[in-house]
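Colleague: Residue numbers (the working numbering): 1270 to 1852.
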Amino acid sequence: MAPTIRSPFRRTLALMASAAILAHAGMNGVAHAQTAPQTTTPGVTTPAPAAPEATAPTPTPPAAAAPETAAPAPQQTAPAQAVVPNSGPASVADLAEGLLDAVVNISTSQNVKDDEGAGPAPRAPDGSPFQEFFNDFFNKQPGNKGGNHNVSSLGSGFVIDPAGYIVTNNHVIEGADDIEINFANGTKLKAKLIGTDTKTDLSVLKVEPKTPLKSVKFGDSSTMRIGDWVMAIGNPFGFGGSVTVGIISGRGRNINAGPYDNFIQTDAAINKGNSGGPLFNMKGEVIGINTAIISPSGGSIGIGFSVPSELASGVVDQLREYGETRRGWLGVRIQPVTDDIADSLGLDTAKGALVAGVIKGGPVDDGSIKAGDVILKFDGKTVSEMRDLPRVVAESTVGKEVDVVVLRDGKEQTVKVKLGRLEDSDQAATSDDSAPDGSQDDGVITPDPGENNDMDQPDTGDQAQPAPGTPDQHKGQVSPDAATPKNVLGLSLSLLSAETRKAFGIAESVDGVVVTEVTPGSASAEKGLKPGDVIVEVAQEFMKSPDAVAAKVQALKQEGRRNAQLMIASANGDLRFVAVPME
């Protein structure tokens, strides 16, 4: 029985050995095929088999595999040598190296007189080892009059002309008595202020170099897309020549910094001291000027804002040439087109800028543009929302004749307008037709965002409401029109008379139908209408009497309109449009 047991055992060992030999030969054959390209067909390269095929080789007869097993062992390691380790995103070292010399650090100093009533400075406890330090640092004790001291600040800038013109933010150098430019090679030069623009927070400086400076040029920020790579260089916290990289996170941001807000948002790290520094595209062109960040701590959290070059380049050119900006001026007051107003005007969507008033003596006081018009296009540029108009008007050339597309009486019309010049002087600010806040700083007069709630307040607050104890006084004054319905859209209406003008403080220049009462909780009340308001127009038609208002509202209902567009004048004559839903 022993022979019968050993024989199967030997056969088993033999089979196992043969399998091992075959497997070894097959593996050698596959490895060799991976490292040796097929050359039987000239000009054709055969790609190496995919990795999974190497893990499941096809057995090859030993006789056929024998010559290939003699292949040099190094060929089996070729795949490992071809693997390139992942080293991260492409380097921007070459790009940064060519730009660092054009970015400068700006140091300013200002002599400030301490306010005598500013109060005592912080003081260490008596006997404290830091007491002397505190006294020396603040240089005054409680009760002593304040003296003069220098305040220093740091910022960034960049050279745009080898002759020595430098761009930075206005807030970097504002109020400075001394401006010093520090270059990457250690050179320091005193700078002279050429011009500044507070509305875009830009300034141009000039130094006198002995040799031409390294400079950079503006690119076109309008071609940049969300997700494009950008690089910032600046002087954060005094660390000059700092480079950070990120992407464009957003475009057209309005952060309420000025009338022409159109910021680029980026996640490239921007910190204190980066202000005024350039934001580059991957071609090395300046497509933004780093200006502001959102941060609860003062450090970067990845939300930074840059003035786009499409806005900055024109301002910089004017500052260089004239030392000031020369912006176009349209001479109108505008307000947003809300969904309700769009519906009342027959617009499919809320778009454009609604003209709430025309400035007397302005460029369009000739009747080319009227109150109630909706400006849809200006000089070929679409006005998608109200804030687009001030920017495109300001960027236009003074004296230029442009085409303006307006919606008037439900139809689009094109009118010709010759632009005036926006004056930033006190004369413009004190104009009789200036905006409620006294400013004309946006090329058009833009009311406050909360205008619907407060711009129509009379100069004396006690005139806005009927006098206590005399609720029926104004009702008795509507006898000339007693048969007119007194509840139109939740409003009690009356003819304007000497008595109603005196009661509500309404100026003689205001004409229309006065609101004497507003039903609480009505649609008109929700829109901010109140006693003392004057309805000048309904659906762009002048109103002479309460009857006329009621008739026009009824006609709009019959036309299927859901909202009635009212032109409302405040007691002092400020105009605005309100779309009141018609129940």
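All C-beta atoms in this analysis are idealised placements derived from N, C-alpha and C, irrespective of residue type, glycine included.
As a quick exercise: from 1808, 1502, 1532, 1572, pick the residue whose alpha carbon is nearest that of residue 1826.
Modeller: With distances taken between Cα atoms, residue 1826 lies closest to 1808.
Colleague: Between the Cα of residue 1360 and those of 1627, 1498, 1448, spot the shortest distance and give me the residue it belongs to.
Modeller: Comparing Cα-Cα distances from residue 1360 to each of 1627, 1498, 1448, the minimum goes to 1498.
Colleague: Taking just the CA atoms, how far does residue 1546 sit from residue 1662?
Modeller: If you take the alpha carbons of residue 1662 and residue 1546, they lie about 27 Å apart.
Colleague: The alpha helix (DSSP H) that contains residue 1442, what's its start and end?
Modeller: Start and end: 1439–1442.
Colleague: Report the option in 1647, 1531, 1380, 1781 whose CA atom is closest to the CA atom of residue 1491.
Modeller: Looking at the Cα atoms, 1531 is the closest of the given residues.
Colleague: Threshold first: 3 residues or longer. Then list the beta strand (DSSP E) segments lying entirely within the stretch 1581–1655, N to C.
Modeller: Whole beta strand (DSSP E) segments, 3+ residues: 1601–1605, 1622–1627, 1643–1647.
Colleague: Taking 8 Å as the cut-off, does the stretch 1518–1526 touch the stretch 1602–1609 (at least 3 CB pairs, one atom from each stretch)?
Modeller: At 8 Å Cβ cutoff, the stretches do not touch.
Colleague: Rounded to whole angstroms, what is the Cα-Cα separation between residue 1459 and residue 1513?
Modeller: If you take the alpha carbons of residue 1459 and residue 1513, they lie about 28 Å apart.
Colleague: Does DSSP put residue 1362 in a helix, a strand or coil?
Modeller: Residue 1362 falls in the helix class under three-state DSSP.
Colleague: Compare the Cα-Cα distances from residue 1674 to each of 1650, 1656, 1688, 1664 and report the closest residue.
Modeller: The candidate whose alpha carbon is nearest that of residue 1674 is 1650.
Colleague: Are there three or more Cβ pairs, one per stretch, closer than 8 Å when the stretch 1361–1379 is compared with the stretch 1433–1452?
Modeller: Judged by Cβ distances under 8 Å, the stretch 1361–1379 makes contact with the stretch 1433–1452, as three or more pairs qualify.
Colleague: Looking at the unbroken beta strand (DSSP E) that takes in residue 1547, where does it start and where does it end?
Modeller: Looking at the DSSP string, the run of the beta strand (DSSP E) that includes residue 1547 is 1547–1549.
Colleague: Where residue 1456 and residue 1423 are concerned, what is the direct C-alpha to C-alpha distance, given to the nearest angstrom?
Modeller: Taking the straight line from one Cα to the other gives about 16 Å.
Colleague: Which term fits residue 1671, buried or exposed, when burial requires 16 or more other beta carbons within 10 angstroms of its beta carbon?
Modeller: So residue 1671 counts as buried.
Colleague: Looking only at DSSP bridge pairs, what is residue 1485 linked to?
Modeller: Residue 1485 pairs with nothing; no bridge assigned.
Colleague: To which residues of the same chain is residue 1683 closer than 6 Å at the C-beta, ignoring the five residues directly before and after it?
Modeller: Here the set comprises 1672, 1674.
Colleague: State the start and end residues of the unbroken beta strand (DSSP E) segment that holds residue 1565.
Modeller: That residue, residue 1565, is in no beta strand (DSSP E); it is neither H nor E in DSSP.
Colleague: Give me the Cβ distance between residue 1488 and residue 1428, rounded to the nearest whole Å; I'm assuming they're in contact under 8 Å.
Modeller: Rounded, the Cβ-Cβ distance is 15 Å, inconsistent with contact.
Colleague: Following the continuous alpha helix (DSSP H) through residue 1826, name the residue where it begins and the one where it ends.
Modeller: 1815–1827 is the span of the alpha helix (DSSP H), which, as asked, contains residue 1826.
Colleague: Please return the same chain residues whose Cβ sits closer than 6 Å to the Cβ of residue 1780, not counting the five positions on each side in sequence.
Modeller: Cβ neighbours of residue 1780 beyond the five flanking positions: none.
Colleague: So residue 1676 packs on residue 1599, CB below 8 Å; how close in whole Å?
Modeller: Not a contact, Cβ separation roughly 16 Å.
Colleague: Three Cβ pairs or more, each shorter than 8 Å: is that satisfied between the stretch 1652–1661 and the stretch 1685–1693?
Modeller: In short, these stretches do not touch, since the Cβ pair count stays below three.
Colleague: Tell me which residue opens and which closes the beta strand (DSSP E) that residue 1849 is part of.
Modeller: Its beta strand (DSSP E) spans residues 1844–1850.
Colleague: Taking the alpha-carbon positions, what's the residue 1668 to residue 1561 distance?
Modeller: Their backbone Cα atoms lie some 34 Å apart in a straight line.
Colleague: Kindly identify the DSSP beta-bridge partner or partners of residue 1809.
Modeller: For residue 1809, which the question treats as bridged, DSSP gives no partner whatsoever.
Colleague: Report yes if the C-beta distance between residue 1884 and residue 1425 is below 8 Å; otherwise report no.
Modeller: Residue 1884 lies beyond the stretch modelled for the chain, which goes from 1270 to 1852, so this question has no answer here.
Colleague: Which stretch, first to last residue, makes up the beta strand (DSSP E) that contains residue 1670?
Modeller: Segment 1670–1677, the beta strand (DSSP E) holding residue 1670.
Colleague: Let me check one thing: in DSSP terms, what residues is residue 1495 bridge-paired to?
Modeller: Partner(s): none; residue 1495 has no beta bridge.
Colleague: Taking residue 1643 as the reference, which of 1629, 1432, 1628, 1603 has the closest Cα?
Modeller: Here the closest residue by C-alpha is 1603.
Colleague: Identify the residues that DSSP records as bridge partners of residue 1466: which are they?
Modeller: Residue 1466 pairs with 1471.
Colleague: So residue 1588 packs on residue 1464, CB below 8 Å; how close in whole Å?
Modeller: About 3 Å; that satisfies the 8 Å criterion.
Colleague: Using a threshold of 8 Å, state whether the C-beta atoms of residue 1782 and residue 1818 are closer than that.
Modeller: Cβ atoms of residue 1782 and residue 1818: closer than 8 Å.
Colleague: Is the distance from the Cβ of residue 1761 to the Cβ of residue 1786 below 8 Å?
Modeller: Yes, Cβ-Cβ distance for residue 1761 and residue 1786 is below 8 Å.
Colleague: So, under 8 Å CB-CB, residue 1580 and residue 1620 are touching, yes? Tell me the CB distance rounded to an integer number of Å.
Modeller: In fact, because the Cβ distance is near 22 Å, the residues do not count as touching under 8 Å.
Colleague: Please tell me whether residue 1869 and residue 1367 are closer than 8 Å, where the distance is taken between their beta carbons.
Modeller: No answer is possible for residue 1869: it lies beyond the span of the chain, which begins at 1270 and ends at 1852.
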